[in-house]
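Next up, the structure:
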């Protein structure tokens, strides 16, 4: 029997899209399959879509003479990694105790390893992206909410129950909405923008806000570029809160690199990194902590959780 | 040559006292020497006192037929553990770039290992005290300020530059005094008590406050016991902030145990643990994180940093 060179398929499954990739031993993505999650169809149909997406990568493996050894999947949690079960995914309809691993293992005949998507993004960036070669990396991903992950010497730090890295739930302010996510996540930013516009302030987003359209990171970026009087101060304030969260992370965890990613950062990486880097340093200044600290934008874009899932599958299967 | 059983000397050196202990292989403290730091005399004299204190333990080792292999010292930082230098100790006069390790090594002819005192307290409690047998332990020590340490599988997690665990510097509120320490440390509590009393509120502490006496943890305990109308709400509020900090630590780090120690906790362990345990759980509830989490009081009392320093010296010298 002649078998091809080893490969792993990584999958980033979110509330809106499924992204699968065929990845070789050099961690090059040789083929991708992207499709809509269609979360409204429920877990059974969605998992069939994930399987179909993985099958496209399997076909590509055949074409590339590669032997797929395992599948790694990053998806919303909380989940039970050991049992391969998503316990609860608030962003996905009907996802309670979904046996993702066993369902896909049976459908595909391959070993499947699952983990939280933010953890996978952090692992991907830490090992292959912006944290390459650094000892302690923290990923902080600003999307609709804020997720994160901790990577120590190339290994994911999962904590006692596997929920370490939930940086968005840090409490940084008084009041009921005092978490980092409540003050610097896209949904909280969008809510503040809408509120100001509805109270009569002029903005390039007035039309979108009045039509109750989704306020995307791209729209925020455009508004910033035009110096919008509503969006600019709200975003500046959000960066102050994000810096506050990062400073606490430095004081607790002392990472060598904080990697900022997620939709909001990807839409305006330099704008975000400049502010967070400066303000975080100011908040921890005087004790030398921030001297070596790097605060950088994620490098792998859409592939960070996909590649992190590959690393995860390799580590769990003993392949690396 | 017949040599005795191996032993290590642990030292907890603070701004007010030096506590040394002779510790055998079973981690029993066989002898102690306690003396005042006399920080005003400067580093040279203080280090001579530390050496004298250690010599008392060396004499006890002779009497017990034990061979001292190393000395571990926990002391205020920041410090350079690798070089054995205290870089800066704000609570000690004139301590800038003090070569503690080399000075004591020369004076005593023994290997000396130094680390931050809060880290040593956390290590001692995690390995030999309230965190015994748990995988991930966080020590949170509420004294004049708030320090802490992280222990993963019995090993101190120091971070990239050795400053991990500075939990007191977490930012938990808006404003200039927004750190955990600024809202739940003894100095901040004492300042609030004095302020209220000076504004005319009645308290059992009125006399002490007007005489500008130091407000100790013991005085706070007595005031709580008597239901004091000034101290009680201030302390309740401080516990809310401390819980907020602990909840953030759970979300970031997912420890299996949080060990609360330090003077404030030691003076009223049950009162503190009851409140912090309840409120921390409420703040992280709904995601299952707090189910297994233990929040407990430190067990080793004055010996926590001393014993942590012994563990540290054992691990660094390869003795354990």
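Chains as they are written, first to last, in the numbering used here: chain Z, 4 to 323; chain Y, 4 to 323. Think of the CB as a built atom: it goes at the ideal place given N, C-alpha and C, for glycine as much as any other residue.
If you keep only unbroken alpha helix (DSSP H) runs of at least 4 residues inside the segment 194-238 of chain Y, you get 209-213 and 220-228.
Taken in chain order, the unbroken stretches of alpha helix (DSSP H) that lie wholly in the segment 87-133 of chain Y and span 4 residues or more are 103-111 and 120-131. The count of Cβ pairs closer than 8 Å, one atom from the segment 136-153 of chain Z and one from the segment 169-179 of chain Z, reaches three, so the stretches are in contact.
Taking a C-beta distance under 8 Å as the contact criterion, residue 129/Y and residue 103/Y do not qualify as a contact pair. Across the set 50/Y, 72/Y and 240/Y, the C-alpha of 240/Y shows the shortest separation from the C-alpha of residue 176/Y.
Here the segment 37-52 of chain Y makes contact with the segment 19-27 of chain Y; the two share three or more CB pairs at distances below 8 Å. With its beta carbon at least 8 Å from every one in chain Y, residue 125/Z lies outside the interface. Excluding five sequence positions before and after residue 314/Y, the CB atoms of its chain that fall closer than 6 Å to its own CB belong to 126 and 130, given in chain order.
For residue 297/Z, same chain residues with a beta-carbon under 6 Å away, outside a window of 5 residues either side, are 260 in chain order. Less than 8 Å separates the beta-carbon of residue 107/Y from that of residue 54/Y.
The C-alpha of residue 82/Y lies about 19 Å from the C-alpha of residue 318/Y. Residue 74/Z and residue 316/Z do touch by the CB rule: their CB atoms are close to 6 Å apart, below 8 Å.
At least one C-beta of chain Y is nearer than 8 Å to the C-beta of residue 164/Z.
The three-state secondary structure of residue 63/Y, taken from DSSP, is helix. In the three-state reduction of the DSSP assignment, residue 185/Y falls in the helix class, which pools H, G and I.
Identification of chain Y residues near residue 173/Z by a Cβ-Cβ cut-off of 7 Å yields 251, 254 and 255, ordered along the chain. Annotation for residue 222/Z: 208 and 211 place their beta carbon closer than 8 Å to its own, counting only its chain and skipping 5 residues before and after. Against chain Y, a Cβ distance below 8 Å from residue 139/Z picks out 162 and 163.
Your pair residue 138/Y and residue 156/Y checks out as a contact, with CB atoms roughly 6 Å apart and the cut at 8 Å.
Residue pairing by DSSP places residue 240/Z opposite no residue, since no beta bridge is assigned to it. Here residue 89/Z really is in contact with residue 80/Z; their C-beta atoms are around 7 Å apart, less than 8 Å.
In the three-state DSSP reduction, residue 258/Z falls in the coil class, being neither helix nor strand. Scanning chain Z for C-beta atoms nearer than 8 Å to the C-beta of residue 167/Y yields 255, 256 and 257, reported in chain order. Within a 10 Å sphere around the beta-carbon of residue 135/Y sit fewer than 16 other beta-carbons, which makes this residue exposed. Non-local beta-carbon contacts of residue 99/Y in its own chain, meaning distances under 6 Å to residues more than five positions away in sequence, involve 91 in chain order. Nearest Cα to residue 226/Y within the set 285/Y, 299/Y, 193/Y and 312/Y: 193/Y. Following the DSSP letters along the chain, one finds residue 272/Z inside the alpha helix (DSSP H) bounded by residues 272-287.
Taking a Cβ-Cβ cut-off of 8 Å, the neighbours of residue 170/Z in chain Y comprise 254 and 255, given in sequence order. Here residue 258/Y is buried: its Cβ has 16 or more other Cβ atoms, across all protein chains shown, within 10 Å.
Relative to residue 271/Z, the option among 228/Z, 249/Z, 287/Z and 65/Z whose CA is nearest is 228/Z. Residue 77/Z sits close to residue 16/Z, with the two beta carbons spaced by under 8 Å. For residue 66/Z, the closest C-alpha among the options 116/Z, 114/Z and 10/Z is that of 10/Z. Between residue 195/Z and the set 235/Z, 230/Z, 162/Z and 179/Z, the nearest pair of CA atoms involves 235/Z. Counting along the chain, residue 297/Y sits inside no alpha helix (DSSP H); it lies in the beta strand (DSSP E) bounded by residues 297-300. Residues of the segment 293-314 of chain Y with a C-beta atom less than 9 Å from some C-beta of chain Z are 294, 295 and 296, listed in chain order. Among the residues facing chain Y, residue 286/Z is included, as its CB has a counterpart in that chain under 8 Å away.
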